[in-house]
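The structure appears below as structure tokens.
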Amino acid sequence: MKTLIAIIGPTGIGKTDLSIDIAQKLSTEIISCDSRQVYKELKIGTAVPSESQLQKVTHHFIGHKSIHDYYNASMFEIEALEIFEILFRKYNHVIMTGGSGLYINAVCNGIDDLPNADQELRNELLQRLQSEGVESLRMQLKLIDPDYYRQADTRNPKRILKALEVSLQTGKPYSSFLTNSKKERSFKIIKIGLQRDRDELYDRINQRVDQMISEGLVDEAKSFHPYKDLNSLNTVGYRELFEYFEGNISLEKAIELIKRNSRHYAKRQISWFGRDKEIHWFHPDNEEKIIEFINKNQ
RNA sequence: GGUACCAUAGCUCAGUUGGUAGAGCAACGGACUGAAAAUCCGUGUGUCCCUGGUUCAAUUCCAGGUGGUACCA
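Using this note's numbering, the first residue of the first sequence is number 7, and each one after it goes up by one.
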């Protein structure tokens, strides 16, 4: 049976090292499932694997897009499934590792088919959000798609924007596209979750930020400053430094904020993964137990 | 050693004319189907330094102790 081993966990938990070890033991390749490591320009700040690590095991979806490209979870789902098909011809196991919950779900459960975003319509809606405020968009959504309006978090502008965008573009309510069903996959999926004590995780995150700074994160971010409004750069580790470049905060403050925002991000990931009852949890140091578990369940 | 001031949430501090307390930051919990490292929602978490005293009641007043800061020796 072809098996996808998904190694899941918050940022800084130790996914990279463990995944490479396991991939080597199983003689297979790694699919990265990370919404920021896909951008080739972002290296230090997204903690991509080192050159020597990349040489040990073939990785996919690291640096395959530019920060100027549009990318999303659905595109990842489609591309990842294509790669799986190729890899499963060669291997019985493939490893997927990462912390982007939405992307993981897209691969494991699938997401519904929607038309691709119409950039013009999106910009128009964004402008209306600015000039008219959320309330106007919210009321329009209530009229066009009362079903979605009832269940959605209407205080979150992004939810409203997406629903309106799809509804207006297709002439059909956004909710009519939501099937609430899980897509079947041709391979088995084992989900391995990694966890540590919170204090230990936060120490690792703080230390990793200091390390990124000494590896030259400030210079890396500086070179992207002209593009700071790109979605790909609305990313922890970069946006705080843009504030520093613009003289709004000190470098010390920026570093402190990068640490804090990374911790907050980790917490959000823990919340997301906590809902997934299919995940089997391990400490990252328990590699033997993890391998034993994989062997038993394949 | 003497004098003065201070001691309240993880930190910086406010406050209670005596009725067990609050702000900023930090922290914590959660939601989330195409921008997701995004976006959104919720929560004070406390031996008010310790021990006695006065009082119906002390974090608040008094005494002593401990710790800190400043000045004088």
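Note that CB positions come from ideal geometry on N, CA and C, so glycine has one too. Because the structure is a prediction, the values reported are computed rather than measured.
Just to confirm my understanding: we take residue i, look at its own chain, exclude 5 residues before and 5 after, and list those with CB closer than 8 angstroms. What are they?
i, result
"I211", "T17, G18, K265, S268, R269 and A272"
"Y233", "I73, H74 and L239"
"I285", "I14, K197, I198, G199 and F279"
"P55", "T22, I26, H65 and I68"
"K295", "F288"
So which of the options has the shortest CA-CA distance to residue i?
i, options, result
"I297", "I198, H231 and D75", "I198"
"A112", "G51, K148, K164 and N186", "N186"
"A158", "L184, Y76 and C114", "L184"
"F251", "D216, S277 and L223", "L223"
"H289", "L257, R204 and Q213", "R204"
"G15", "S229, R281 and E246", "R281"
"Q125", "V54, L174 and F90", "L174"
"N83", "Y208, I73 and D119", "The sequence shown places Glu at residue 83, not Asn. Of the candidates Y208, I73 and D119, the one whose C-alpha sits nearest the C-alpha of E83 is D119."
"I219", "Y233, E246 and I195", "E246"
"A79", "E47, F90, R42 and V54", "R42"
"V172", "K189, R156, E190 and D151", "D151"
"C114", "I196, K168 and L170", "I196"
"K148", "G139, N129, A169 and E130", "A169"
"N122", "F193, G20 and M81", "M81"
"K188", "I117, A260, E262 and F299", "I117"
"A53", "E85, E293 and D216", "D216"
"Y208", "K46, G139, N303 and E262", "E262"
"E190", "N292, R214, L87 and L48", "L87"
Under the three-state reduction of DSSP, which class applies to residue i: helix, strand or coil?
i, result
"G104", "strand"
"L200", "strand"
"T160", "coil"
"F288", "strand"
"A123", "coil"
"T9", "strand"
"H231", "helix"
"K71", "strand"
"K194", "strand"
"I117", "coil"
"I297", "helix"
"I14", "strand"
"Y155", "helix"
"I255", "coil"
"S142", "helix"
"N78", "coil"
"R269", "helix"
"E221", "coil"
"Q136", "helix"
"T52", "helix"
"Y208", "helix"
"N111", "helix"
"S187", "coil"
"G20", "coil"
Leaving out five residues on either side along the sequence, give the residues of the same chain with a beta carbon under 7 angstroms from the beta carbon of residue i.
i, result
"H99", "T9, I11, L32 and T34"
"Y77", "V44 and K71"
"R144", "T160 and I166"
"I276", "P16"
"S142", "R134"
"R128", "E171"
"H231", "F248 and F251"
"E221", "I50"
Spatial neighbours of residue i within its chain, please: CB distance less than 6 angstroms, with the 5 preceding and 5 following residues excluded, ordered by chain position.
i, result
"Q201", "W287"
"E226", "I50"
"R165", "A158 and D159"
"Y154", "A169, Y180 and S181"
"Y244", "G51 and A227"
"I89", "H66"
"M7", "K194"
"I255", "E249"
"Q304", "T9"
"V140", "P163"
Based on the DSSP output, what are the partners of residue i in its beta bridges?
i, result
"Y180", "According to DSSP, which records beta bridges pairwise, Y180 is partnered with nothing at all."
"H66", "I37"
"Y45", "K71"
"H99", "T9"
Taking 7 angstroms as the cut-off, is the C-beta of residue i nearer than that to any heavy atom in the ligand ADP?
i, result
"S238", "The ligand content of the structure shown is nil, which means the ligand ADP is not present either."
Validate contact between the region 97–109 and the region 38–52 using beta carbons, cut 8 angstroms, 3 pairs: yes
Segment contact, 8 angstroms Cβ cut-off, at least three pairs: the region 21–29 with the region 57–66: yes
Stretch pair the region 238–245 + the region 172–183: three plus CB contacts closer than 8 angstroms: no
Touching by the beta-carbon criterion (3+ pairs, under 8 angstroms), the region 91–98 and the region 130–140: no
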